[in-house]
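Read the structure below first, then the notes.
Chains as they are written, first to last, in the working numbering: chain E, 1 to 88; chain A, 1 to 88; chain H, 1 to 143; chain L, 1 to 143.
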């Protein structure tokens, strides 16, 4: 019996100032199949109004930096991070 | 009573391959007043035939590198050294 | 090779012990320490936050890039997270090479890349407030 | 500032402790180690000989020159003499600065100058004989 997913589940992580603005470090999210990273982020901006515009944010997919146009898959770990500032 | 020195005393030090070629690490030497470093070295080459030509040697006077034309004074420490190779 | 994100003090000598070997003649070790000032303001302490599961692979990627550019290099890196006091070491990059100029170049390239691409963030507690540092920008912290 | 010529092992962390301070953000430490090969020959060990009474003032002069070029720098240097085995550290130069690029540049300048102007010589015990290294030249040893 064929089965058509109506939503896929991703695990969202926020870091640093984005974590503070989202009010959350980790979040489970359902999005429609075919959603891109930019769609995931805009969905989250709808829930957390304090999140900044995408221009000042980078996305990572499964622990690698990724383009905003990348399509997410069920079970992916998605992270949204500000410009990095480690080192000294 | 005026006194005219007929010789001044310098302490000579050799290092590294020059030390091996001279067969000596330290040597007391009398030279005429007005002697320059080059004169001191040539005097020493007369005593130690294995010492190389001045071109491959540097002179130091009282623990500072010095020109070959510098005149030595009584009590000076004179050193003759090969090109340095410390570090790694 | 060794790549660590750690909450404890970093021992630069341990990283040097990882990179040294009989064919190496030169080890360049860079340590970043917490300065008592920034933007003309006095700093009291820092907090570093890392996406550790991603930071360690990103460090490994930098080490692999170094070995592509300087094939004889060996590399170790560590970054500390949590609260750091003035003078404490936040990051160490150590690189060995047969010769000194390549050791300097590879080490410098390593810390430059780390500052661009490893997901770690600095929160600065200063006389004029608490700020997140984001690349070249400074933004007030909320929490 | 600290400038040493020593027959014992060099502890790079001690030199770093000398240069670190609350205004420093970056420490670059260069260590030279004894390689197991040179000129395509295997090396068994080295002897370093110093004109110590002159070498220490020459190191201090390099430190002073660094502080003229990079006024916020702090500098420490040590060179070991006597017999050194493969992998042992012969020289350490450590420089702190407020920012990283100047720390790299000042440290590299320091080791480059040391190799030009500090009266220390390397005698290489290799598979093909024993040699004094004189600048870029290799000359058979007598003693």
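C-beta atoms are modelled at their ideal positions from N, C-alpha and C, and glycine is treated no differently.
Open item on the list: So residue 92(E) contacts chain H; which residues on that side make the cut at Cβ distance below 8 Å?
Closed with: Given that chain E is displayed from residue 1 to residue 88, the structure contains no residue 92(E) and the question cannot be resolved.
Task: Contacts that residue 60(E) makes with chain H (C-beta to C-beta distance below 9 Å) - done: Numbered from its first residue, the first chain carries residue 60(E) at position 60. Neighbours of residue 60(E) on chain H, chain order: 51, 54 and 119.
- [ ] Just list the beta strand (DSSP E) runs in the segment 62-92 of chain L, keeping only unbroken ones of 3 residues or longer that don't cross its boundaries, in chain order.
- [x] Here the runs fully enclosed are 74-80 and 82-85.
TODO: Work out the CA separation of residue 51(L) and residue 75(A) for me, nearest whole Å.
DONE: As a first step, residue 75(A) is located in the second chain; it is residue number 75 there, counting from the start. As a first step, residue 51(L) is located in the fourth chain; it is residue number 51 there, counting from the start. Spanning the two alpha carbons is a distance of roughly 18 Å.
- [ ] Flag residue 138(H) as yes if its beta-carbon sits less than 8 Å from any beta-carbon of chain L, otherwise no.
- [x] Here residue 138(H) refers to the residue found at position 138 of the third chain. False, the Cβ-Cβ gap to chain L never drops below 8 Å.
Task: Burial state of residue 95(L), where buried means 16 or more other Cβ atoms lie within 10 Å - done: Numbered from 1 along the fourth chain, position 95 holds the residue referred to as residue 95(L). A residue is called buried when at least 16 other Cβ atoms come within 10 angstroms of its Cβ; residue 95(L) meets this threshold and is buried.
- [ ] Output, in sequence order along the chain, the residues in the segment 13-29 of chain H whose CB is closer than 8 Å to any CB in chain L.
- [x] Within the segment 13-29 of chain H, the residues whose Cβ lies closer than 8 Å to some Cβ of chain L are 13, 16, 20, 21, 22, 23, 24, 25, 26, 27, 28 and 29, listed in chain order.
TODO: Flag this pair as touching only if the segment 101-108 of chain H and the segment 64-83 of chain H have three or more C-beta atom pairs under 8 Å; answer yes or no.
DONE: The answer is yes - the segment 64-83 of chain H touches the segment 101-108 of chain H, with three or more Cβ pairs under 8 Å.
Open item on the list: Spatial neighbours of residue 141(H) within its chain, please: C-beta separation below 7 Å, excluding the five flanking residues on both sides.
Closed with: Indexing the third chain from 1 puts residue 141(H) at position 141. Counting only Cβ-Cβ distances below 7 Å, and skipping sequence neighbours, we find 123, 130, 131 and 132.
TODO: Measure the C-alpha to C-alpha separation of residue 33(L) and residue 119(L) and round it to an integer number of angstroms.
DONE: What you label residue 33(L) is simply residue 33 of the fourth chain in a count that begins at 1. What you label residue 119(L) is simply residue 119 of the fourth chain in a count that begins at 1. Spanning the two alpha carbons is a distance of roughly 18 Å.
Open item on the list: Our contact map puts residue 15(H) next to residue 76(H) with C-beta atoms below 8 Å; I'd like the distance itself, whole angstroms only.
Closed with: Counting from 1 along the third chain, the entry for residue 15(H) is found at position 15. Counting from 1 along the third chain, the entry for residue 76(H) is found at position 76. Confirmed, Cβ separation roughly 4 Å.
TODO: Hey, could you find the ends of the alpha helix (DSSP H) residue 112(L) is sitting in?
DONE: To locate residue 112(L), count along the fourth chain from 1; it is residue 112. Under the DSSP assignment, residue 112(L) falls in the alpha helix (DSSP H) whose first and last residues are 100-117.
Task: Runs of alpha helix (DSSP H) lying entirely within the segment 13-57 of chain A, each at least 4 residues, in chain order - done: Entirely contained in the segment 13-57 of chain A, the alpha helix (DSSP H) runs reaching 4 residues are, in chain order, 16-22 and 37-47.
TODO: For residue 17(L), count neighbouring Cβ atoms within 10 angstroms of its own Cβ and tell me buried if that reaches 16, exposed if not.
DONE: By one-based count along the fourth chain, residue 17(L) stands at place 17. By the 16-neighbour rule on beta-carbons within 10 angstroms, residue 17(L) is exposed.
Task: Within chain E, the residues that residue 9(H) reaches when beta carbons sit closer than 9 Å - done: For the purposes of this step, residue 9(H) is taken as the residue at position 9 of the third chain. Neighbours of residue 9(H) on chain E: none; closest Cβ ~15 Å, over 9 Å.
- [ ] Can you tell me which of the three DSSP states residue 136(L) falls into?
- [x] Here residue 136(L) refers to the residue found at position 136 when the fourth chain is read from its first residue. In the structure shown, residue 136(L) falls within a coil segment according to DSSP collapsed to helix, strand and coil.
TODO: Leaving out five residues on either side along the sequence, give the residues of the same chain with a beta carbon under 7 Å from the beta carbon of residue 15(E).
DONE: Translated into positions along the first chain, residue 15(E) becomes position 15. Excluding residues up to 5 positions away in sequence, 79 and 81 lie with their Cβ nearer than 7 Å to the Cβ of residue 15(E) in the same chain.
Task: residue 15(L) (DSSP reduced to helix, strand or coil) - done: As a first step, residue 15(L) must be located in the fourth chain, where it is residue number 15. Here residue 15(L) sits in helix by DSSP.
Open item on the list: Once the 5 residues before and after residue 69(A) are set aside, which same chain residues still bring their CB inside 8 Å of it?
Closed with: Along the second chain, read from residue 1 onward, the residue named residue 69(A) stands at position 69. Excluding positions up to five away in sequence, the list reads 36, 37 and 38.
Task: Three-state secondary structure assigned by DSSP to residue 56(H) - done: By 1-based counting over the third chain, the position of residue 56(H) is 56. In the three-state scheme derived from DSSP, where H, G and I count as helix and E and B as strand, residue 56(H) is classed as helix.
Task: residue 77(L): CB within 7 Å of a non-hydrogen atom of the ligand GDP - done: No copy of the ligand GDP appears in this structure; indeed no ligand is present at all.
Open item on the list: I need the straight-line Cα distance from residue 90(L) to residue 41(L), nearest angstrom please.
Closed with: Taking the fourth chain and counting its residues from 1, the one referred to as residue 90(L) is at position 90. Taking the fourth chain and counting its residues from 1, the one referred to as residue 41(L) is at position 41. The straight-line gap from Cα to Cα measures roughly 20 Å.
Task: Members of the segment 83-100 of chain H near chain E, C-beta cut-off 7 Å - done: Interface annotation for the segment 83-100 of chain H against chain E: 90 and 91, criterion Cβ-Cβ distance under 7 Å.
Task: Contacts of residue 15(E) in chain H (Cβ-Cβ under 7 Å) - done: Residue 15(E) sits at position 15 when you count from the first residue of the first chain. What residue 15(E) touches in chain H: 49, 51, 119 and 121.
- [ ] Locate the beta strand (DSSP E) running through residue 125(H), then write down its first and last residues.
- [x] Position 125 of the third chain holds residue 125(H). Unbroken beta strand (DSSP E) run through residue 125(H): 120-126.
Task: the segment 38-52 of chain A contacting the segment 56-72 of chain E, beta-carbon criterion three pairs below 8 Å - done: Short answer: they don't touch.
- [ ] Tell me, please, whether the CB atom of residue 79(H) is closer than 8 Å to any CB atom in chain E?
- [x] Counted from its first residue, the third chain places residue 79(H) at position 79. Closer than 8 Å: yes.
- [ ] Determine the chain A residues that contact residue 71(L) at a beta-carbon separation under 8 Å, and present them in chain order.
- [x] Along the fourth chain, one-based indexing puts residue 71(L) at 71. Ordered by position in chain A, no residue passes the 8 Å Cβ test against residue 71(L), which lies about 25 Å from the chain.
Task: Expected contact under 8 Å - CB spacing of residue 83(L) and residue 47(L) to nearest Å - done: Working through the fourth chain from its first residue, we reach residue 83(L) at position 83. Working through the fourth chain from its first residue, we reach residue 47(L) at position 47. Sure, about 5 Å apart at Cβ, within 8 Å.
Open item on the list: Along the chain, where does the beta strand (DSSP E) containing residue 84(E) start, and where does it finish?
Closed with: Here residue 84(E) refers to the residue found at position 84 when the first chain is read from its first residue. Segment: none, residue 84(E) is in no beta strand (DSSP E) and carries neither H nor E.
- [ ] Step through the CB atoms of chain A and report whether any lies within less than 8 Å of the CB of residue 111(L).
- [x] As a working mapping, residue 111(L) is identified with position 111 in the fourth chain. For residue 111(L), the nearest CB of chain A lies under 8 Å from its own CB, placing it at the interface with that chain.
Task: Distance, residue 28(H) Cα to residue 177(L) Cα - done: Any answer about residue 177(L) is impossible in this case: the structure gives chain L only from 1 up to 143.
TODO: Please decide whether residue 146(H) counts as near chain E, where near means a Cβ-Cβ distance under 8 Å.
DONE: Residue 146(H) lies beyond the range of chain H shown here (1 to 143); nothing can be said about it.
- [ ] Just the C-alpha distance for residue 33(A) and residue 17(A), rounded to the nearest angstrom, thanks.
- [x] As a first step, residue 33(A) must be located in the second chain, where it is residue number 33. As a first step, residue 17(A) must be located in the second chain, where it is residue number 17. In this structure, the CA atom of residue 33(A) is about 29 Å from the CA atom of residue 17(A).
Task: Own chain, CB closer than 7 Å to residue 62(E), minus 5 neighbours either side, in chain order - done: On the first chain, residue 62(E) is found 62 positions in, with the first residue counted as 1. Listed in chain order, the non-local C-beta contacts of residue 62(E) below 7 Å within the same chain comprise 76 and 77, local neighbours out to five positions each way being set aside.
Task: Nearest to residue 8(A) (by Cα), restricted to the options 20(A), 55(A), 19(A) and 28(A) - done: Within the second chain, numbered from 1, the residue matching residue 8(A) stands at position 8. Of 20(A), 55(A), 19(A) and 28(A), the residue nearest in Cα terms is 28(A).
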